[in-house]
Amino acid sequence: GTTGRSEGLNGLFKLFVHPQDSVWIFVKQYEHIIETRLDREDREGYRAETTEPRMYSRSLIEKQASQFYTTSVFADKFQYEIYEATGLDAEKTQEIPDIIYNVMPSDIERTGKKYRVTVDAAHSTYSCSCHKFERDGLLCSHILRVMAVLNIHEIPSKYLLKRWSEQATLQICDEYNGPAPSIGVPATSKLRFNALCRAMTSLASDACVNEEKYLIVSAGIQNLQAMVATPHTVETQHQQGILPSQQDPSSSAKNPATKKRTGRSAEKTHRMKPIGEQITESSKKRRTKKKSSCSYCFDETHNVSTCPYLKIANMRDALLNQKMVQETELTL
1 GTTGRSEGLN GLFKLFVHPQ DSVWIFVKQY EHIIETRLDR EDREGYRAET
51 TEPRMYSRSL IEKQASQFYT TSVFADKFQY EIYEATGLDA EKTQEIPDII
101 YNVMPSDIER TGKKYRVTVD AAHSTYSCSC HKFERDGLLC SHILRVMAVL
151 NIHEIPSKYL LKRWSEQATL QICDEYNGPA PSIGVPATSK LRFNALCRAM
201 TSLASDACVN EEKYLIVSAG IQNLQAMVAT PHTVETQHQQ GILPSQQDPS
251 SSAKNPATKK RTGRSAEKTH RMKPIGEQIT ESSKKRRTKK KSSCSYCFDE
301 THNVSTCPYL KIANMRDALL NQKMVQETEL TL
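By UniProt numbering, the letter at position 137 of the sequence shown is numbered 137, and the numbering carries on one by one without gaps.
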């Protein structure tokens, strides 16, 4: 229902948008979400157009469902209910005023609860105690089993919800009469590629029906290729509203006038860094700090207090001083 869809959208936005993000980031992420979902729908549409779902049985109900539901809903959801219905038994417990069946697994070793299916044959109404249709909008395996017992070969239209149909993915909502929504140019090259592929695929499917349309589209593609090869020329033509044949070859586009930026220079702006970031930068500076060297011999393997050359020099000076003292005493 509405609550489930709302929770799904909230969960989706939480993956891409943080509460502290700005409005600009929110808009960019919103565009990314929309383009991604459109790309996924386009892949599903391509699979539905180029492939046919594999039938599990020869049931007319299954064939009807394959023509109504989308490929993903039919293959992943409805066919599972068809498969489950083959393992159920239906026991009639009441006929008047409504027909009531108790539906249970036919395998004795397979434990499972009984489900109560009520049938109003006059109005083609079916209800089950599992309430799957009320919850998911799809008939459950219990009702499908009762339909098989009653030789019902067609699903009533009221149990085929348009929201799961292939038609719902191709038509715009009847209540929407305004212009098509525009979300601007996709933010990344991949999203732009996907958007162009969707447009060109739709164009190709319309143009391949006859030779005349094919030639028109082929000529248009060649013109587009020539225009894309010179993007700056095309941009100038669109801004000036002229065709390539009307453009003056000697004219050249100039840069627009720029306004001097006001406010404090970015070079003088220093943001206050958190303590964690300050500690990290300080440790990096300590690791990259140049190694200290001996102030006497400039060797980096030791310092002045452990310098062997300094010790030798000190011993030599001490011997010289001692010799000078001895010579002085002899002279006196």
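The C-beta atom is built at its ideal place from N, Cα and C for all residues, glycine as well.
Item, Value
"Other residues of its chain near asparagine 194: CB distance less than 6 Å, five sequence neighbours each side excluded", "Asp39"
"Residue ranges of each beta strand (DSSP E) within the stretch 48-135, 3 or longer", "88-94, 99-105, 115-120 and 125-128"
"Threonine 205, DSSP secondary structure in three states", "Sequence check: residue 205 is serine here, not threonine. Helix."
"N- and C-terminal bounds of the alpha helix (DSSP H) containing asparagine 210", "Careful: asparagine 210 lies outside any alpha helix (DSSP H) and carries neither H nor E."
"Opening and closing residue of the alpha helix (DSSP H) in which threonine 17 lies", "Contrary to the premise, residue 17 reads as valine rather than threonine in this sequence. That residue, valine 17, is in no alpha helix (DSSP H); it is neither H nor E in DSSP."
"Enclosing alpha helix (DSSP H) for leucine 144 [first to last residue]", "141-149"
"With 16 other Cβ atoms within 10 Å as the buried cut-off, status of serine 228", "Reading off the sequence shown, one finds valine at residue 228, where the question assumed serine. By the neighbour-count rule (16 or more Cβ atoms within 10 Å), valine 228 is not buried but exposed."
"For arginine 37 and aspartate 89, the rounded distance between their alpha carbons", "41 Å"
"Stretch pair the stretch 119-129 + the stretch 65-72: three plus CB contacts closer than 8 Å", "no"
"For lysine 190 and glutamine 247, the rounded distance between their alpha carbons", "For glutamine 247, the predicted model reports a pLDDT of 48, less than 50, meaning its position is unreliable; a value from the coordinates is still stated below. Approximately 33 Å, taken between the alpha carbons."
"Residues that serine 165 bridges to, as DSSP identifies them", "Tyr69"
"Distance CB(isoleucine 143)-CB(valine 117) smaller than 7 Å", "yes"
"Minimum C-alpha distance to phenylalanine 78 - residue among Leu139, Gln29 and Lys273", "Leu139"
"Length of the line joining the Cα atoms of aspartate 98 and alanine 148", "17 Å"
"Neighbourhood of lysine 132 by C-beta distance below 7 Å, restricted to the same chain and skipping five residues each side", "Leu138 and Cys140"
"C-beta contact flag for proline 186 and glutamate 35 at 7 Å", "yes"
"Which of helix, strand or coil DSSP assigns to histidine 32", "helix"
"Among Ser295, Asn321, Ser157 and Arg43, nearest to tyrosine 309 - alpha-carbon criterion", "Ser295"
"Separation of phenylalanine 74 from glutamate 212, as counted between CA atoms", "37 Å"
"Under the three-state DSSP convention, the category valine 185 falls into", "coil"
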